[in-house]
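Everything below concerns the one structure shown next.
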Amino acid sequence: RKLGYAIVGLGQYADVILPRFAECRHSRVTALVSGSPEKARRYGAQYGVPDHGLYDYANFDTIRDNPDVDIVYVILPNGLHHEYTLRAAAAGKHVMCEKPMANTAAEAEDMIRACRDADRKLMIGYRCRFEAGNKEAIRVVREGEIGAPRIVTADHGFPISPNQWRLNRALAGGGSLMDIGIYSLQAARYLTGEEPVEVSAMESTDRSDPRFAEVEDTINFQLRFPSGAVANCVSTYGSHHNRYRVTGTKGWIEAEPGTAYGDNTLRLHRDWQTRPHAVPTGQNQFSAQLDHLSICVMTGAEPLVPGEEGLRDMRIIEAIYRAAREGRSVAL
Ligand code: NAD
325 RKLGYAIVGL GQYADVILPR FAECRHSRVT ALVSGSPEKA RRYGAQYGVP DHGLYDYANF
385 DTIRDNPDVD IVYVILPNGL HHEYTLRAAA AGKHVMCEKP MANTAAEAED MIRACRDADR
445 KLMIGYRCRF EAGNKEAIRV VREGEIGAPR IVTADHGFPI SPNQWRLNRA LAGGGSLMDI
505 GIYSLQAARY LTGEEPVEVS AMESTDRSDP RFAEVEDTIN FQLRFPSGAV ANCVSTYGSH
565 HNRYRVTGTK GWIEAEPGTA YGDNTLRLHR DWQTRPHAVP TGQNQFSAQL DHLSICVMTG
625 AEPLVPGEEG LRDMRIIEAI YRAAREGRSV AL
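Below you can see the structure in the form of structure tokens.
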């Protein structure tokens, strides 16, 4: 059986997600929500969504009357995730919400509460948890193939272009950390399988650059885990970075790119030798993510990355900002 998704926001990431329904086994797109009727009709024709499945932001709440929609996928700017998750839950729909979950941890808590009260599932769009290379790296670490993890490095960034919502505090919640540094944070957490107990951070932002009038550019951070493992993480809007490495007592595994849409490439170092490490084949990360929530809705299982996982990141992100602001490490 295929559950129906409503896609809210037809921007650049929706353009990545929509073609992937073709490879889904349990998910299909049955509704589109856009501020532009012309765009909604054009996308509807392309992806086989009938006219009665086309909504705008004003009449979105009437989606409650559409039995073909089981799940609402919020792919809007971060500052709108809270509002649309609450409206979707109130309309009786399950929710997939993009990362970062919200602008603040308080909003994230509210979203979890709203979905729980409505007895609806809430999952965050952490696609890397469904990506074969990341899953393989996690397996290698968990099965002890590199010994006990000691040091994680995770670098994520890109040079941001001006004039976009990511540079607007109200719509983005923050700068590079909210958008791209969150991949470094996620990688450090899922690769070690631990929750940090302490964070420190250093920010570097040229406030005379008009792009960074409201949000930060670079904010690098460190995490200390209960086992004694530590992570060094890069988050920047200044240059391209996409890689991680976990070094254990017996070797290391690294990926570059590590969290890209495709072609993530692993290398393993052990016994004084470094070799390419094969990434298993399987369903692409986007279709796997979409199908995962559909299966959870059908079986009642808890998603791998529920709202609570998004909230954990939001709390750590707030601690990272505080550590940078106050110039001292912050206990979690
Ligand atoms: P985008 O700007 O390309 O698309 C956002 C859409 O929201 C646009 O269609 C825009 O018209 C619409 N919108 C509605 N109300 C708006 C408003 N008030 N202001 C601005 N836009 C408004 O952005 P995107 O890159 O598609 O990002 C959307 C979300 O997806 C973000 O939360 C982002 O973090 C997330 N994202 C996730 C990934 C991933 O790999 N998981 C990749 C890219 C983006």
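Quick note, our numbering runs 324 ahead of the 1-based positions in the sequence shown. Note that beta-carbon positions come from the ideal geometry of N, C-alpha and C, so glycine has one too. Predicted, not measured: the structure shown is a model, and the values here were computed from it.
Exercise. Based on Cα-Cα distance, which residue from GLU469, GLY333 and GLN546 lies nearest to ARG652?
Worked result: The residue you call residue 652 lines up with position 328 of the sequence shown. Out of GLU469, GLY333 and GLN546, GLN546 has the C-alpha closest to the C-alpha of ARG652.
Exercise. According to the Cβ coordinates, are SER500 and VAL539 closer than 9 Å?
Worked result: Taking the first residue of the sequence shown as 1, we reach residue 500 at position 176. Taking the first residue of the sequence shown as 1, we reach residue 539 at position 215. In this structure, SER500 sits near VAL539, with a CB-CB distance shorter than 9 Å.
Exercise. Going by alpha carbons, who is nearest to TYR379 out of LEU356, ILE399 and CYS452?
Worked result: The count along the sequence shown starts at 1 and reaches residue 379 at position 55. It is LEU356 whose Cα lies nearest to the Cα of TYR379.
Exercise. Regarding GLU580 and the ligand NAD, is the C-beta to nearest heavy atom distance less than 8 Å?
Worked result: Position 256 of the sequence shown, counting from 1, holds the residue named residue 580. No, Cβ of GLU580 sits at least 8 Å from all heavy atoms of the ligand NAD.
Exercise. What's the gap between the Cα of ASP443 and the Cα of ILE395?
Worked result: On the sequence shown, residue 443 is found 119 positions in, with the first residue counted as 1. On the sequence shown, residue 395 is found 71 positions in, with the first residue counted as 1. Taking the Cα positions, ASP443 is about 13 Å away from ILE395.
For this session: May I ask you to check if the CB of HIS406 is nearer than 8 Å to at least one heavy atom of the ligand NAD?
Result: Reading the sequence shown from its first residue, position 82 is the one you call residue 406. It does not: the Cβ of HIS406 is nowhere closer than 8 Å to a heavy atom of the ligand NAD.
Problem set entry | Element boundaries [alpha helix (DSSP H), containing VAL340] | On the sequence shown, position 16 is the one that residue 340 refers to. DSSP places VAL340 inside the alpha helix (DSSP H), whose first and last residues are 336-341.
Exercise. Between which two residues does the beta strand (DSSP E) containing GLU527 stretch?
Worked result: Here the question's residue 527 lines up with position 203 in the sequence shown. It spans 522-528 - the beta strand (DSSP E) in which GLU527 sits, taken as one unbroken run.
For this session: Return helix, strand or coil for VAL353, following the three-state DSSP convention.
Result: Translated into positions along the sequence shown, residue 353 becomes position 29. Here VAL353 sits in strand by DSSP.
Exercise. Alpha carbon to alpha carbon, how far is ALA579 from GLN488?
Worked result: Position 255 of the sequence shown holds residue 579. Position 164 of the sequence shown holds residue 488. ALA579 and GLN488 have their alpha carbons spaced roughly 30 Å apart.
Exercise. Where LEU400 and GLU460 are concerned, what is the direct C-alpha to C-alpha distance, given to the nearest angstrom?
Worked result: Reading the sequence shown from its first residue, position 76 is the one you call residue 400. Reading the sequence shown from its first residue, position 136 is the one you call residue 460. Cα to Cα, LEU400 sits roughly 30 Å from GLU460.
Exercise. So, using beta-carbon positions, are LEU628 and CYS348 closer together than 9 Å?
Worked result: Position 304 of the sequence shown holds residue 628. Position 24 of the sequence shown holds residue 348. CYS348 sits away from LEU628, with the two beta carbons spaced by 9 Å or more.
For this session: Just the C-alpha distance for GLY449 and ARG636, rounded to the nearest angstrom, thanks.
Result: Indexing the sequence shown from 1 puts residue 449 at position 125. Indexing the sequence shown from 1 puts residue 636 at position 312. So the two alpha carbons sit approximately 14 Å from each other.
Problem set entry | Of the listed residues MET526, ILE640, ALA382 and GLY582, nearest to SER360 (C-alpha basis) | To locate residue 360, count along the sequence shown from 1; it is residue 36. For SER360, the nearest C-alpha among the options comes from ALA382.
Problem set entry | Cutoff 7 Å; reference MET526; Cβ partners in own chain excluding five residues on either side | Numbered from its first residue, the sequence shown carries residue 526 at position 202. Excluding positions up to five away in sequence, the list reads ASN544 and ALA648.
For this session: Report the rounded CA-to-CA distance for ILE619 versus ALA537, giving the unit in angstroms.
Result: Locating residue 619 in the sequence shown gives position 295, counting from the first residue. Locating residue 537 in the sequence shown gives position 213, counting from the first residue. In this structure, the alpha-carbon of ILE619 lies about 43 Å from that of ALA537.
Exercise. Does any heavy atom of the ligand NAD sit closer than 8 Å to the C-beta of TYR379?
Worked result: Within the sequence shown, numbered from 1, the residue matching residue 379 stands at position 55. The ligand NAD has no heavy atom closer than 8 Å to the beta-carbon of TYR379.
Exercise. Using CA coordinates, which residue listed in ALA346, ARG352 and ARG325 is at the minimum distance from ILE331?
Worked result: Within the sequence shown, the letter at position 7 stands for residue 331. Here the closest residue by C-alpha is ARG352.
Exercise. Between ARG388 and the rest of its own chain, which residues show a CB-CB distance below 6 Å, the 5 nearest in sequence each way excluded?
Worked result: As a position in the sequence shown, residue 388 is number 64, starting the count at 1. Correct list, in chain order: ALA415 and GLY416.
Exercise. With burial defined as no fewer than 16 other Cβ atoms inside 10 Å of the residue's Cβ, what is the status of GLN304: buried or exposed?
Worked result: As displayed, the chain neither begins before 325 nor continues past 656, which places residue 304 out of reach and without an answer.
Exercise. Touching or not, the segment 500-511 and the segment 598-615, by the rule of three or more beta carbon pairs under 8 Å?
Worked result: No: the two stretches stay apart, fewer than three of their Cβ pairs being nearer than 8 Å.
Exercise. Between the C-alpha atoms of GLY328 and VAL419, what's the straight-line distance to the nearest angstrom?
Worked result: Locating residue 328 in the sequence shown gives position 4, counting from the first residue. Locating residue 419 in the sequence shown gives position 95, counting from the first residue. Near 12 Å, if we compare the C-alpha coordinates of VAL419 and GLY328.
For this session: Measure the C-alpha to C-alpha separation of ARG325 and LEU617 and round it to an integer number of angstroms.
Result: Taking the first residue of the sequence shown as position 1, residue 325 is located at position 1. Taking the first residue of the sequence shown as position 1, residue 617 is located at position 293. Looking at the two C-alpha atoms, the distance is approximately 13 Å.
For this session: Would you list the residues sitting across from PRO473 in a DSSP beta bridge?
Result: Within the sequence shown, the letter at position 149 stands for residue 473. Looking at the DSSP output, PRO473 bridges to GLY572.
Exercise. What distance in whole Å lies between the Cβ atoms of TYR568 and ASP541, which are believed to be in contact at a cut-off of 8 Å?
Worked result: Residue numbering aside, residue 541 sits at position 217 when the sequence shown is read from its first letter. Residue numbering aside, residue 568 sits at position 244 when the sequence shown is read from its first letter. 21 Å between Cβ atoms; not a contact.
For this session: Go to PRO361, then tell me how far its alpha helix (DSSP H) extends in each direction, as first and last residue.
Result: Indexing the sequence shown from 1 puts residue 361 at position 37. Per DSSP, PRO361 belongs to the alpha helix (DSSP H) from 361-371.
For this session: Just mark TRP576 as buried or exposed, buried being the case when its beta carbon has 16 or more other beta carbons within 10 Å.
Result: Indexing the sequence shown from 1 puts residue 576 at position 252. Looking at its Cβ environment, which holds 16 or more other Cβ atoms inside 10 Å, TRP576 is buried.
Problem set entry | Selected residue, minimal CA-CA separation from PRO472, among GLY333, PRO550 and ALA338 | Here the question's residue 472 lines up with position 148 in the sequence shown. Rather than Pro, the amino acid found at residue 472 in this sequence is Ala. For the options GLY333, PRO550 and ALA338, the alpha carbon positioned closest to that of ALA472 is the one of PRO550.
Exercise. Of all the beta strand (DSSP E) runs that stay within the bounds of the segment 480-564, which reach a length of 3 or more residues?
Worked result: For the segment 480-564, the continuous beta strand (DSSP E) assignments of 3+ residues that do not extend past its boundaries occur at 522-528, 542-548 and 554-560, in sequence order.
Exercise. Just to confirm, does LEU400 get its C-beta within under 8 Å of one of the non-hydrogen atoms of the ligand NAD?
Worked result: Along the sequence shown, one-based indexing puts residue 400 at 76. Answer for LEU400: yes, Cβ within range of the ligand NAD.
Exercise. Below 9 Å between beta carbons: does that hold for MET638 and ALA412?
Worked result: Your numbering for residue 638 matches position 314 in the sequence shown. Your numbering for residue 412 matches position 88 in the sequence shown. In this structure, ALA412 does not lie closer than 9 Å to MET638 by Cβ.
Exercise. Can you check whether the CB of ARG474 is closer than 9 Å to the CB of GLY552?
Worked result: Translated into positions along the sequence shown, residue 552 becomes position 228. Translated into positions along the sequence shown, residue 474 becomes position 150. In terms of Cβ geometry, GLY552 and ARG474 form a close pair [threshold 9 Å].
Problem set entry | Opposing strand residues paired with HIS418 [DSSP bridges] | Your numbering for residue 418 matches position 94 in the sequence shown. In DSSP, HIS418 forms a bridge with ILE395.
Problem set entry | Residue span of the beta strand (DSSP E) that contains LEU446, given as start and end | On the sequence shown, position 122 is the one that residue 446 refers to. Per DSSP, LEU446 is one residue of the beta strand (DSSP E) stretching across 446-448.
For this session: Helix, strand or coil for GLN609, going by three-state DSSP, please let me know.
Result: What you label residue 609 is simply residue 285 of the sequence shown in a count that begins at 1. Helix at GLN609.
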